[in-house]
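S.K.:
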Amino acid sequence: MQKIVSKGAGPKIHQCQCPDCQQIGDHPNKVLHAQLNLFLSRLDEQQRRWCVALEARKLGHGGMKRLSQITGMDMNTIRRGRRELDQGLIERPVGRVRLAGGGRKPLAKNTRSRQAMVNLNEMSHQT
Ligand SMILES: [Zn+2]
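Going by this note's numbering, the letters in the sequence shown line up with residues 44 to 170, in that order.
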């Protein structure tokens, strides 16, 4: 029989700390906040930041503090997400392109030098 490993099943989901969710009994926000945290657990770091920043904006005044309670995200992180959204995410291009200075080098350059190395290898093996 196969053993079922229950350890580390999926990402950890934050438990909301807002007053609505702390109170005893049902509250419509309990489901909303739980599902928001569930949703956030499936996003990557920057997507989480933008999503929370957007939710905070919807609430208006005090929104960032409330979202920090709900999601456990740092206020500074939410603020950063909001700033990035305000700038149209121009520093966060779509697709594989990474921020300048980090990540991989331009693909064409890399491929060419790698191809040259492959050619050299093949030539030395043929003899
Ligand atoms: Zn809550």
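Each residue gets a CB set at the ideal place from its N, CA and C atoms; glycine is no exception.
With distances taken from each beta carbon to the nearest heavy atom of ligand 1, which residues come in below 6 Å, in chain order?
M.R.: CYS59, CYS61, ASP63, CYS64, ASN72, HIS76 and ILE113
S.K.: Could you spell out the range, first to last residue, of the alpha helix (DSSP H) harbouring GLY138?
M.R.: Careful: GLY138 lies outside any alpha helix (DSSP H) and carries neither H nor E.
S.K.: Assess, as a yes-or-no matter, whether the stretch 93-102 is touched by the stretch 112-131 under the definition of 3 or more beta carbon pairs within less than 8 Å.
M.R.: yes
S.K.: Only counting the same chain, and skipping five residues up and downstream in sequence, which positions put a Cβ closer than 6 Å to that of ASP63?
M.R.: Within the same chain, ASP63 has close Cβ partners HIS70 and ASN72.
S.K.: Measure the CB-CB distance between LEU102 and ARG109 and report whether it falls below 8 Å.
M.R.: yes
S.K.: Quick check on the DSSP output: what are the complete alpha helix (DSSP H) runs of length 4 or more inside the stretch 62-86, in order along the chain?
M.R.: 62-65 and 71-84
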